[in-house]
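Chains as they are written, first to last, in our numbering: chain Y, 30 to 402; chain D, 30 to 402. In this text, a Cβ means the ideal position worked out from N, Cα and C, and glycines have one as well. Read the structure below first, then the notes.
2 protein chains.
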Amino acid sequence: MALFSYMKDFIHVYSNNFCGAKHAFTLRSGPKSGTIGQPFENDPSLTMTSIKDVALHAGVSVATVSRALGNGPVSAALRERVEAAIAATGYHPNLSARRLRSQHTRTVGLVVSDIRNPFFTAVSRAVEEAAYQADMRVILCNTDENPEREALYLRLMQEERVSGMIYAPTSTMSNRLPANGFGFPTVLIDRCPEDCSYDAVVLDNHEAASQLVQHLLAQGYRHIGGLFGNTSTTGAQRHAGFAETLAAAGLPAPTRFIAPRTEAAESATRDWLVSGQHPQALLASNGQILAGMVRALRNLRTQIPHELAVVGFDNEPWTELVGPGLTVIEQPVDEIGQTAMDLLFERMKTPTRPARRIVLQGRCIVRGSSITR
Amino acid sequence: MALFSYMKDFIHVYSNNFCGAKHAFTLRSGPKSGTIGQPFENDPSLTMTSIKDVALHAGVSVATVSRALGNGPVSAALRERVEAAIAATGYHPNLSARRLRSQHTRTVGLVVSDIRNPFFTAVSRAVEEAAYQADMRVILCNTDENPEREALYLRLMQEERVSGMIYAPTSTMSNRLPANGFGFPTVLIDRCPEDCSYDAVVLDNHEAASQLVQHLLAQGYRHIGGLFGNTSTTGAQRHAGFAETLAAAGLPAPTRFIAPRTEAAESATRDWLVSGQHPQALLASNGQILAGMVRALRNLRTQIPHELAVVGFDNEPWTELVGPGLTVIEQPVDEIGQTAMDLLFERMKTPTRPARRIVLQGRCIVRGSSITR
DNA sequence: AGCGTGATTGTAATCGTTTTCACTAGAGGT
DNA sequence: ACCTCTAGTGAAAACGATTACAATCACGCT
Numbered sequence: 030m031a032l033f034s035y036m037k038d039f040i041h042v043y044s045n046n047f048c049g050a051k052h053a054f055t056l057r058s059g060p061k062s063g064t065i066g067q068p069f070e071n072d073p074s075l076t077m078t079s080i081k082d083v084a085l086h087a088g089v090s091v092a093t094v095s096r097a098l099g100n101g102p103v104s105a106a107l108r109e110r111v112e113a114a115i116a117a118t119g120y121h122p123n124l125s126a127r128r129l130r131s132q133h134t135r136t137v138g139l140v141v142s143d144i145r146n147p148f149f150t151a152v153s154r155a156v157e158e159a160a161y162q163a164d165m166r167v168i169l170c171n172t173d174e175n176p177e178r179e180a181l182y183l184r185l186m187q188e189e190r191v192s193g194m195i196y197a198p199t200s201t202m203s204n205r206l207p208a209n210g211f212g213f214p215t216v217l218i219d220r221c222p223e224d225c226s227y228d229a230v231v232l233d234n235h236e237a238a239s240q241l242v243q244h245l246l247a248q249g250y251r252h253i254g255g256l257f258g259n260t261s262t263t264g265a266q267r268h269a270g271f272a273e274t275l276a277a278a279g280l281p282a283p284t285r286f287i288a289p290r291t292e293a294a295e296s297a298t299r300d301w302l303v304s305g306q307h308p309q310a311l312l313a314s315n316g317q318i319l320a321g322m323v324r325a326l327r328n329l330r331t332q333i334p335h336e337l338a339v340v341g342f343d344n345e346p347w348t349e350l351v352g353p354g355l356t357v358i359e360q361p362v363d364e365i366g367q368t369a370m371d372l373l374f375e376r377m378k379t380p381t382r383p384a385r386r387i388v389l390q391g392r393c394i395v396r397g398s399s400i401t402r
Numbered sequence: 030m031a032l033f034s035y036m037k038d039f040i041h042v043y044s045n046n047f048c049g050a051k052h053a054f055t056l057r058s059g060p061k062s063g064t065i066g067q068p069f070e071n072d073p074s075l076t077m078t079s080i081k082d083v084a085l086h087a088g089v090s091v092a093t094v095s096r097a098l099g100n101g102p103v104s105a106a107l108r109e110r111v112e113a114a115i116a117a118t119g120y121h122p123n124l125s126a127r128r129l130r131s132q133h134t135r136t137v138g139l140v141v142s143d144i145r146n147p148f149f150t151a152v153s154r155a156v157e158e159a160a161y162q163a164d165m166r167v168i169l170c171n172t173d174e175n176p177e178r179e180a181l182y183l184r185l186m187q188e189e190r191v192s193g194m195i196y197a198p199t200s201t202m203s204n205r206l207p208a209n210g211f212g213f214p215t216v217l218i219d220r221c222p223e224d225c226s227y228d229a230v231v232l233d234n235h236e237a238a239s240q241l242v243q244h245l246l247a248q249g250y251r252h253i254g255g256l257f258g259n260t261s262t263t264g265a266q267r268h269a270g271f272a273e274t275l276a277a278a279g280l281p282a283p284t285r286f287i288a289p290r291t292e293a294a295e296s297a298t299r300d301w302l303v304s305g306q307h308p309q310a311l312l313a314s315n316g317q318i319l320a321g322m323v324r325a326l327r328n329l330r331t332q333i334p335h336e337l338a339v340v341g342f343d344n345e346p347w348t349e350l351v352g353p354g355l356t357v358i359e360q361p362v363d364e365i366g367q368t369a370m371d372l373l374f375e376r377m378k379t380p381t382r383p384a385r386r387i388v389l390q391g392r393c394i395v396r397g398s399s400i401t402r
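Encoded structure:
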């Protein structure tokens, strides 16, 4: 039987030597766990009633209790005794044991790059809702666009043996995605290299940026600038749509790439505007950048849209509240989350299915920030 | 030894018959898992290399591998062989097994009521950061102010055997908190009944609301109304501060309690304003309500602050961008998250310590929305 | 030579479940 | 009466790690 145990190696389908072994040691001796001390030594929280206690209490075997918990065949009389025993002992099944034995975790990992970005919280909610419906749990990991944390969380996903993962890789990682997967079904969201072999659900970034530019052109703007995030493929694709549409109109496409954070966007906008010749309209490649841009404009007392038109991505609730309202691309956040989960489930059912890339369209919401009257 | 196993029952300190046994069955046959089918049957994701494979590959015992992974005594030569074997096999430790055996999960549960509320995402980030530093994981659960989901997630915390929990209870639950705890260290955040026996870190809601009212009074406003959330103790406490401060000034305190959602706040505000006699100033008890209020005002073309002054809670990034800027109470979100984790760690170390309630002060940021010039 | 001592290593028990397997009892067919 | 079948039950073997315990070995001391 030992032989059989080792044979598994030859038949298991997934490669999982993605995260090198070096990392395997930090779990117990984490980078800074020393600073906290060891508050978890004789953690009594796990010393709880087990299925044995219930069995003893009900006068049946543990197998019967287990079957009563699940949907196994148990006579009505015993089932009732078991339920009473459970109530009496205050028993709660131990998920670690359950997962270990049953070999599936009913857990999906959700790895996002910035939980404070409303786009990701909206998607998270949709994912969590879908997981709830399917009776699965989600582990939410926030990488903060930090490759070190990203690597740690990716490793965590392996160690948790998640059933699947929904993942928004930073651009650093985008190029390094393991060619034959992580060892479990994975769906990329929001960001995805052009040629990638993963399931993915993304916005039609090229088209969406193009829409914004076309709208500005239609409004008569000719000097149009753009501020784009530099940590994701998304920023690059939006820039492509922006630049190509302007090029097609025979216009230049002044561009700055920045960290996708409010502060960076604010100072970049300020620098740009005080630098003398500034554009008539500015495009922001996501909600954070848009917020920074508006803040800079506000501090400079620049009138929107009369002195400068503004358009951007992400229809966050506040965008219709500021100034004359902001013209934005609305992303179908719920649909993105749901579709990602659907894709995940499909891949679980059919692991060999070729990768599918679902491209959703954004909706352009025109408000006052881009309309000269 | 079987005897010993059952003896645990008599010595374990926590009561855990909080969630009745009825619920214990829904794990495998969740409410709607049937609609999804059973995509997890022969989920091969867990068929991975185990510590045995590594041991075989390195020519050592599993115990040695385990010791090499941790900090046990292993000779340099063997340690090297083990590391090589780990790299060669692409081994990742199985957290379920590890947790089951070692009896602690290094996991904290974070149960919040609305992940889309920037207050909670900010706190989440702080909690997650602290957990990361302490080499722990966090399970984020979003109850959406829904008692059913809340019960489910509370049960999940038990089943996961979390090391601790940080928890923002809905008002429904606030009164039903188990008197002797959940079975693991728990810290309440944001919401906490006055007399509760749990560790907690909350804002000084009474004082904060009072500050806002005093500011309005100082600005000469006399007819001041308030919109408060009805799902949490927080809303009630802020209302108390609001009402009492007005009463002290001999003024009435017209109030409406609503669901703490943007839409509800919008329609409540609209109704109030079109109802004829409306106040000169309005207070919103959280960021969502504030947003709804501003949206309603915008649609009614009501000038802030000339026709109506506005103040509220939560210094979200957009509040300084809309209209003349919104006067708000800023909550120390990072400090709340960190303090909650500190409290959790302390309680883990000293389970018998009396409950501590930490009250943090908000900061009043005065902007144009409450200043008549 | 004999013997404690300390450092490494392996063997085996254990954590709390699920699941295979064998067994029983009763129903029903001949 | 005998055989077959099925449903209900318990005993015991996993799952993959950690850890108590025992065994080995080299070493220094008497």
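Apart from sequence neighbours up to five positions away, no residue of its chain approaches GLN162 of chain D with a beta-carbon distance below 6 Å. By the CB criterion at 7 Å, GLY254 of chain D and PHE271 of chain D fall outside the cutoff. At a cut-off of 7 Å between C-beta atoms, VAL156 of chain D does not count as an interface residue with respect to chain Y. Not a single CB atom of chain Y sits nearer than 7 Å to the CB of SER398 of chain D. Excluding the 5 residues flanking it on each side, LEU246 of chain Y has same chain C-beta neighbours closer than 7 Å at ALA278, in chain order.
Counting along the chain, TYR196 of chain Y sits inside the beta strand (DSSP E) bounded by residues 193-196. Collapsing the DSSP output to three states places GLU223 of chain Y in coil. Collapsing the DSSP output to three states places GLY255 of chain Y in a strand.
For the C-beta of ARG145 of chain D, the chain Y residues within less than 8 Å are, from N- to C-terminus, PRO147, THR150, ALA151 and ARG154. Pairing LEU355 of chain Y with ARG396 of chain Y gives a Cβ-Cβ distance under 7 Å. A straight-line Cα-Cα distance of about 54 Å links ARG108 of chain D and ASN344 of chain Y.
A distance below 7 Å separates the beta carbons of GLY264 of chain Y and SER314 of chain Y. For the pair GLY321 of chain D and GLU295 of chain D, the CB atoms are nearer than the 7 Å cut-off. By the criterion of at least three beta-carbon pairs nearer than 8 Å, the stretch 137-148 of chain Y is not in contact with the stretch 93-109 of chain Y. Among the bridge pairs identified by DSSP, GLU359 of chain D is matched with D:ARG392. Scanning the stretch 100-129 of chain Y for uninterrupted alpha helix (DSSP H) segments of 4 residues or longer gives 105-118, listed from N- to C-terminal end. Cβ neighbours of GLY119 of chain D within its own chain (closer than 7 Å, five residues either side excluded): THR78.
Measuring C-alpha to C-alpha distances from HIS335 of chain D to each of D:THR291, D:TYR250, D:GLU375 and D:ILE195 identifies D:TYR250 as the nearest.
Ranked by Cα distance from ALA113 of chain D, the first of D:ILE400, D:ALA84 and D:GLY193 is D:ALA84. Taking 7 Å as the CB threshold, PRO122 of chain D lines the interface with chain Y. Taking C-beta atoms under 8 Å as the contact rule, ILE218 of chain D and ALA197 of chain D qualify, at a distance of about 5 Å. Listed as beta-bridge partners of ASN171 of chain D by DSSP are D:VAL141.
For secondary structure counted as the alpha helix (DSSP H) over 4 or more consecutive residues, the stretch 233-318 of chain D holds these complete runs in sequence order: 234-247, 262-277 and 291-303.
Linking ALA116 of chain Y to VAL140 of chain D through their CA atoms gives a straight-line distance of about 25 Å. Residues of chain Y whose Cβ lies closer than 8 Å to the Cβ of GLY249 of chain D do not exist; the shortest such Cβ separation is about 26 Å.
Per the Cβ contact rule, the stretch 328-342 of chain D is not in contact with the stretch 364-380 of chain D (fewer than 3 Cβ pairs under 8 Å). Contact holds between the stretch 363-374 of chain D and the stretch 152-162 of chain D, because three or more Cβ pairs, one in each stretch, are under 8 Å apart.
Counting C-beta atoms within 10 angstroms of its own C-beta, GLY193 of chain Y has 16 or more neighbours from the protein chains shown and is therefore classed as buried.
Under the Cβ distance rule, SER125 of chain Y counts among the residues neighbouring chain D, one pair being separated by less than 7 Å. Bounds of the alpha helix (DSSP H) holding ILE80 of chain D are 80-87. Listed along chain Y is no residue with a C-beta nearer than 8 Å to that of GLU174 of chain D; the closest approach is about 13 Å.
In the displayed model, ALA151 of chain Y falls within a helix according to three-state DSSP. At a cut-off of 7 Å, the C-beta of GLN266 of chain Y has no neighbouring C-beta in chain D. Counting the other CB atoms within 10 Å of its CB gives PRO122 of chain Y a total of 16 or more, which places it among the buried residues.
Taking 7 Å as the threshold, the shortest C-beta distance from VAL351 of chain Y to chain D falls below it. By the rule that beta-carbons nearer than 7 Å mark a contact, ASN315 of chain Y does not touch chain D.
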